[in-house]
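Protein chains in written order, with my numbering: chain A, 40 to 356; chain B, 40 to 356; chain C, 40 to 356; chain D, 40 to 356.
There are 4 protein chains.
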Amino acid sequence: MTYHPQFGDIAHLGHIELLTPQFDSSLTFFTSIVGLHECGRVGESVFLRAWGDYERFTLQLTRAATSGMGHMAFRARSSAVLLQLVESLKAAGVAGEWRNESFGHGPAYCFSSPDGHQVEIYYETEKFRAVGDQVPGYKNMPQRYRPLGIAPKRLDHLNLLAQDVKACRLFFHEVLGMRITEQIVFDGDQEMGAWLAATNKSYDLAFTKDRSSAHGRFHHMTYMMDSREDVLRAADILTEAGVAIETGPHKHSIGQTFFLYFYEPSGNRIEIGSGGYLIFDPDWQPVIWNREERSRGQAWGLATVSTFHTYGTPPEE
Amino acid sequence: MTYHPQFGDIAHLGHIELLTPQFDSSLTFFTSIVGLHECGRVGESVFLRAWGDYERFTLQLTRAATSGMGHMAFRARSSAVLLQLVESLKAAGVAGEWRNESFGHGPAYCFSSPDGHQVEIYYETEKFRAVGDQVPGYKNMPQRYRPLGIAPKRLDHLNLLAQDVKACRLFFHEVLGMRITEQIVFDGDQEMGAWLAATNKSYDLAFTKDRSSAHGRFHHMTYMMDSREDVLRAADILTEAGVAIETGPHKHSIGQTFFLYFYEPSGNRIEIGSGGYLIFDPDWQPVIWNREERSRGQAWGLATVSTFHTYGTPPEE
Amino acid sequence: MTYHPQFGDIAHLGHIELLTPQFDSSLTFFTSIVGLHECGRVGESVFLRAWGDYERFTLQLTRAATSGMGHMAFRARSSAVLLQLVESLKAAGVAGEWRNESFGHGPAYCFSSPDGHQVEIYYETEKFRAVGDQVPGYKNMPQRYRPLGIAPKRLDHLNLLAQDVKACRLFFHEVLGMRITEQIVFDGDQEMGAWLAATNKSYDLAFTKDRSSAHGRFHHMTYMMDSREDVLRAADILTEAGVAIETGPHKHSIGQTFFLYFYEPSGNRIEIGSGGYLIFDPDWQPVIWNREERSRGQAWGLATVSTFHTYGTPPEE
Amino acid sequence: MTYHPQFGDIAHLGHIELLTPQFDSSLTFFTSIVGLHECGRVGESVFLRAWGDYERFTLQLTRAATSGMGHMAFRARSSAVLLQLVESLKAAGVAGEWRNESFGHGPAYCFSSPDGHQVEIYYETEKFRAVGDQVPGYKNMPQRYRPLGIAPKRLDHLNLLAQDVKACRLFFHEVLGMRITEQIVFDGDQEMGAWLAATNKSYDLAFTKDRSSAHGRFHHMTYMMDSREDVLRAADILTEAGVAIETGPHKHSIGQTFFLYFYEPSGNRIEIGSGGYLIFDPDWQPVIWNREERSRGQAWGLATVSTFHTYGTPPEE
């Protein structure tokens with residue numbers, strides 16, 4: 040009998056590999072302005088994490104010829120569930136292969152999203168163990184908060200561009216058990232965006248329509264702060280450092296998160312966010328926004344910035 | 040084969056019934072100072088909810104001879120899981136019975152906690168449907184935010200007193216699948232407190248040691264705000280209204296929530312909170328605090344108020 | 040010898056009279072959404088105040104054929120200084136006349152700004168005395184905070200449109216002693232904006248260039264909140280009430296205030312703000328912004344909304 | 040004719056000299072945890088400032104045998120007013136002498152408070168000029184905000200202990216023109232505290248009763264943040280660094296400021312604060328608190344910490 044994946048089988052988004060042709064500048068940006076912590080290097084990659092991330096790393100920054108995403112990784116609920124999800128992928132006819140353990144985690148099953156994004160699922164992981172002056176004052180936190188730069192608390196979510204939003208939405212819902220929380224559907228059947236959750240958060244993964252003809256592109260990844268004041272402070276830090284803000288701080292209608300978007304030096308879009316709503320209802324029905332509703336802009340009326348619809352990494356040639 | 044309950048089977052805390060010998064005063068307090076919405080009356084009970092609660096109600100206020108908790112209710116993940124949890128209860132030798140549908144939800148299985156608190160689990164529920172001037176501006180929210188009084192967003196958690204904290208902790212973990220997130224254990228084996236979660240939140244239910252000889256007592260219930268500024272504003276609202284604050288605003292070490300405690304007119308303790316951390320790790324190991332660590336007070340050093348250890352409802356005779 | 044007015048002679052902005060052809064709607068808007076308190080009626084006017092305003096009123100709302108400002112009023116430092124300022128006005132050739140005491144304050148000297156705005160200066164005033172459930176819990180506050188609607192704390196400042204910004208700036212600086220804090224000067228000599236302060240705040244009065252040919256027009260008035268979170272909350276209150284936000288919340292470069300702009304029903308622009316910087320330096324030199332600097336938009340890069348440059352009340356015919 | 044000093048003659052608190060027997064530890068504490076900027080060294084002193092302070096420095100840290108305050112300095116409104124204040128001091132029989140220019144400012148007139156605290160008043164000052172990576176992104180700010188440590192915005196106020204609070208209050212009010220904003224008076228005539236302002240802030244200088252027999256002692260000095268969230272963040276920074284918090288974060292009834300108190304390594308008490316109210320009324324009447332009112336603790340009921348009444352620097356022998 041085919042395994043029927045359910046909500047919770049994917050425990051959470053684990054990490055993202057970002058590609059950068061400006062490796063040194065990107066690394067300096069993430070460590071000194073964003074305030075992430077370097078926690079390892081292997082080959083052409085450096086591994087980074089926010090102070091509140093429980094795993095060894097959440098961002099793998101890799102020297103490359105273009106910007107964009109190398110891969111994204113999700114942690115399964117257990118090793119048994121990991122195997123069941125692999126069964127589910129196989130039953131759905133998805134090609135994939137096991138990869139041996141790598142930096143920070145155990146064996147991972149690797150496959151592609153319907154739009155060609157590289158995905159890994161894994162269970163075994165290395166939890167971060169603080170030593171020395173990283174030992175936290177709060178024993179339920181993985182690491183001491185270091186007040187330097189923006190210093191976000193944790194990885195939150197990822198947004199990808201796709202030609203076929205519906206295919207991606209159904210894939211992560213039906214094959215991997217994620218919950219569909221919100222959608223943008225124009226004119227009754229034109230899917231422009233989909234938000235999916237593996238947790239009680241309003242989303243962990245989003246797909247939005249790629250208006251170019253490219254495949255497998257990256258829209259943004261998000262680190263989270265505890266308060267909207269932290270996001271406002273981040274806006275000042277970026278402004279003082281001469282980093283252009285693409286849009287925000289403002290509030291998304293979708294997901295209700297408070298957002299701030301900018302680019303790291305190689306052009307990958309980064310978000311610093313806060314808030315959003317939690318979903319406790321096991322019967323949650325997706326909230327669907329139509330063209331007219333989306334034309335009203337963000338929550339407080341800010342027009343959605345045009346680059347949000349057109350710019351992804353790697354950029355169009 | 041016995042069903043082995045797992046994390047997620049209990050979807051969330053659904054509602055709490057509070058008893059009050061000062062019914063009219065309590066009701067006025069909850070509606071005009073706390074800013075909850077009345078949404079129904081049956082017999083000696085009035086039903087209340089916060090603007091962000093998705094179910095019909097989260098607080099049942101019942102006229103009674105004493106203060107304290109009537110019952111607490113948890114919603115199961117599905118109707119199938121509800122039946123499995125009933126099997127789990129039976130397998131554990133817990134006496135219980137089905138109760139027909141009542142205000143706002145379907146059939147519930149009723150039983151007692153090891154300390155005698157009344158518990159219900161249910162699945163079918165009536166979701167709140169806003170009409171008229173309650174229709175929200177944000178379609179992913181159940182109701183329009185009404186800026187009157189404290190106006191918390193949603194029910195968050197419940198704290199109960201118990202003679203045997205360990206028994207209660209094991210019961211909700213082993214029989215109902217809740218995650219143990221934090222504990223207070225004195226001198227190696229003396230359990231003074233246990234925090235359990237049904238969701239990614241740091242807790243949904245807590246038990247702390249009852250230093251009286253009573254059973255089945257209530258410590259506090261908590262409604263949540265989106266920001267710490269909202270909690271500070273709540274402190275001003277209470278102060279201006281002449282309502283004594285028991286302790287806070289301050290930050291808990293355990294759960295990392297920002298807290299504010301006070302009493303409704305009949306003496307039941309109420310908390311307005313914000314924040315806390317989310318747990319994504321499916322392998323989370325409980326964080327255990329010892330006597331010395333707890334002696335340091337709350338997160339920023341505030342001594343834990345003595346009434347916190349001695350006062351519950353109904354009060355000792 | 041001519042009196043030489045100095046900083047501090049004008050103690051503060053006292054009140055503003057707004058004209059409205061939608062009197063009932065405007066009044067309902069200010070009392071139930073903005074959350075001001077009605078404190079008196081005379082003829083075609085109703086008098087309103089924020090809970091933290093120390094005088095009897097700060098907003099006079101008057102039924103009229105058009106929108107716009109009736110007059111603005113400043114309180115002098117003392118009765119002796121009031122007379123000296125009248126001497127200063129006469130010495131500058133400004134026509135004016137004394138008006139007997141009116142609602143809430145004593146005799147006022149009335150004159151026009153160089154652009155034709157009606158101005159009053161007065162000293163004697165009626166301080167608000169709280170009674171009943173308005174008596175504050177904090178005895179250093181004039182009134183109890185009432186948690187209904189936006190509920191700003193106090194009147195902050197006023198922005199007027201003018202054909203000749205320089206003339207208005209010099210008038211309030213040289214004749215009335217206000218401090219020039221910031222300016223916008225394009226191409227070396229084209230004054231587009233001027234900010235003036237009577238207090239340690241970064242401004243109490245601003246003039247910006249009227250790009251129409253009208254005179255004496257009103258741009259906006261501002262009530263202040265204690266925190267940026269309060270402004271974000273105000274944005275939600277407006278959105279939920281279906282009130283369109285013109286721009287914000289965002290941060291001004293000039294004055295560093297956190298802003299939110301919208302229109303009351305008759306079209307007068309209202310701001311809810313927070314923050315800004317205090318000026319302690321008695322030698323403060325005006326900060327002058329040029330065309331290029333202003334082209335960068337607001338503090339975090341938000342483009343200044345075009346209506347900000349073109350819309351004032353009464354609107355152009 | 041004797042000069043009659045008036046409100047505004049003292050423009051603001053300029054700087055404070057703190058003495059420390061733990062010079063290196065104190066300096067490291069102020070630069071890396073508090074996040075002040077070092078801007079000069081002369082002899083046994085190092086000069087520090089917050090990023091938003093407009094003068095060259097606001098804190099002079101001096102190696103000494105004991106803790107406590109070396110001196111405090113106020114800037115006069117103008118050079119003419121400085122001479123008038125000296126006349127006022129002489130007319131009041133206060134001994135003093137001129138001191139030549141020193142680090143960061145011009146000639147100062149030096150004298151003692153009635154309790155023996157050293158005071159300087161000066162007018163000429165060196166304004167901070169940012170160069171290199173300290174040049175601010177906001178041209179109306181003196182320096183770029185550096186997101187390292189607590190990073191307060193500016194010096195705010197100073198609290199001193201005195202045997203005769205009334206004498207100190209009258210001295211700064213009558214001889215130097217400061218405004219009396221709030222007072223604590225027990226049993227009709229026992230002055231326990233006095234708050235004075237040179238600006239629109241609710242206070243710039245406070246005196247509280249020294250319950251020891253010492254003279255000239257220091258209670259605390261305060262650096263200010265823009266938001267209460269910043270103060271909560273400061274509490275986490277201190278906790279994570281193992282610095283004990285004496286009391287707070289909480290809200291003062293007096294002055295309405297949000298406070299957080301701790302000690303720098305040599306034992307001088309430091310406050311990080313935010314908020315408070317502004318006084319615009321030129322006729323402000325002091326708010327007087329009696330014994331019963333003070334017995335209610337701070338704004339939200341927190342008991343005033345006992346060390347607040349007994350500990351000052353240098354400590355009692």
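Note that the Cβ used here is the ideal one computed from N, Cα and C, for glycine as well.
Source: prediction; values computed, not measured.
Here's a check: name, in chain order, each residue in its chain whose Cβ is nearer than 8 Å to the Cβ of A274(A), leaving out the five neighbours to either side. I284, G287, P288 and L299
Going by the CB atoms, is the gap between A201(B) and H249(B) shorter than 9 Å? For clarity, residue 249(B) is Asp in the given sequence; the question names His instead. Yes.
Quick one: Cα of A134(B) to Cα of I223(B), how far? 29 Å
Short of 8 Å Cβ to Cβ, which residues in the region 261 to 289 of chain C face chain B? S266, E268, D269, R272, D275, I276, T278, E279, A280 and G281
Taking only beta-carbon positions, decide if F297(B) is within less than 9 Å of chain D. yes
Residue environment, D92(C), which counts as buried when at least 16 other CB atoms sit within 10 Å: Residue environment for D92(C): buried (at least 16 other C-beta atoms within 10 angstroms of its C-beta).
Inspect the beta-carbon positions of R218(D) and F46(D) and report whether they are closer than 9 Å. Taking C-beta atoms as the reference points, R218(D) and F46(D) count as a pair closer than 9 Å.
G294(A) in three-state terms, based on DSSP: coil
Euclidean distance between Cα positions of A245(A) and T296(A): 13 Å
Taking 8 Å as the threshold, find out whether the region 188 to 196 of chain D comes into contact with the region 326 to 345 of chain C through three or more Cβ pairs. Touching, no, given that fewer than three Cβ pairs across the two stretches are closer than 8 Å.
Can you name the residues of chain D whose CB is closer than 8 Å to the CB of Y184(A)? D275, I276 and E279
Using a Cβ-Cβ cut-off of 9 Å, state whether Y302(D) counts as contacting chain A. No, no contact with chain A.
Quick check on A190(B) - is its C-beta less than 9 Å from some C-beta in chain C? Judged by the 9 Å Cβ criterion, A190(B) is in contact with chain C.
Identify every run of the alpha helix (DSSP H) within the region 83 to 151 of chain A, keeping only runs that are complete inside it and at least 4 residues long; order them along the chain. 118 to 130
For L98(C) and S84(C), what's the separation of their Cα atoms in angstroms? One C-alpha to the other measures close to 10 Å.
Pick helix, strand or coil for D195(B), following the three-state DSSP scheme. The answer is strand: DSSP assigns D195(B) an E or B state.
Listed by chain order, chain B residues near P175(C) by CB distance under 8 Å: E279
Scan the region 40 to 65 of chain C for residues whose Cβ lies nearer than 7 Å to a Cβ of chain G and list them as they occur along the chain. In the displayed structure, chain G is absent; the protein chains listed are A, B, C and D.
Of the choices Y302(B), R333(B), R335(B) and G312(B), whose alpha-carbon is the least far from that of P353(B)? Y302(B)
Measure the Cβ-Cβ separation of S305(C) and T59(C) and say whether it is below 9 Å. yes
When the Cβ atoms of the region 322 to 335 of chain A are set against those of the region 222 to 236 of chain A, are three or more pairs found closer than 8 Å? yes
One or two residues paired with M264(A) in a DSSP bridge: M264(A) is bridged to S313(A).
Shortest alpha-carbon distance to E94(C) belongs to which of I309(C), G351(C), I55(C) and G315(C)? Nearest of I309(C), G351(C), I55(C) and G315(C) to E94(C), Cα basis: I55(C).
Among L199(C), N179(C) and T41(C), whose alpha-carbon lies nearest the alpha-carbon of W323(D)? Relative to W323(D), the option among L199(C), N179(C) and T41(C) whose CA is nearest is N179(C).
Exposed or buried, which one is E126(D) when buried takes at least 16 other CB atoms within 10 Å? exposed
Between G91(C) and chain D, is any beta-carbon pair separated by less than 9 Å? yes
D186(D) vs I276(A) beta-carbon contact at 9 Å: Looking at the sequence provided, one finds Pro at residue 186(D) rather than Asp. Closer than 9 Å, so yes.
Using beta carbons (cut-off 9 Å, strictly below), is L187(C) in contact with chain B? yes
Using a C-beta cutoff of 9 Å, does G171(A) count as contacting chain D? Chain D, which has no Cβ nearer than 9 Å to the Cβ of G171(A), makes this no.
Using a Cβ-Cβ cutoff of less than 6 Å, which residues in the same chain neighbour I293(C) once the five nearest sequence positions on both sides are dropped? E221
Close beta carbons around M260(C), own chain, < 6 Å, minus the five adjacent residues each side: I55 and L197.
T346(A): first and last residue of the uninterrupted alpha helix (DSSP H) it sits in: T346 to T349
Comparing C-alpha positions only, which one of G216(B), Q157(B) and R102(B) sits nearest to V81(B)? R102(B)
With a threshold of 9 Å between beta carbons, is A245(D) in contact with chain C? no
Determine the contact status of A233(A) and R208(A), defining contact as a CB-CB distance below 9 Å. yes
Might you give, ordered along the chain, the residues of its own chain that have their beta carbon closer than 7 Å to the beta carbon of H110(A), omitting 5 neighbours on each side? E56, Q157, V158 and E159
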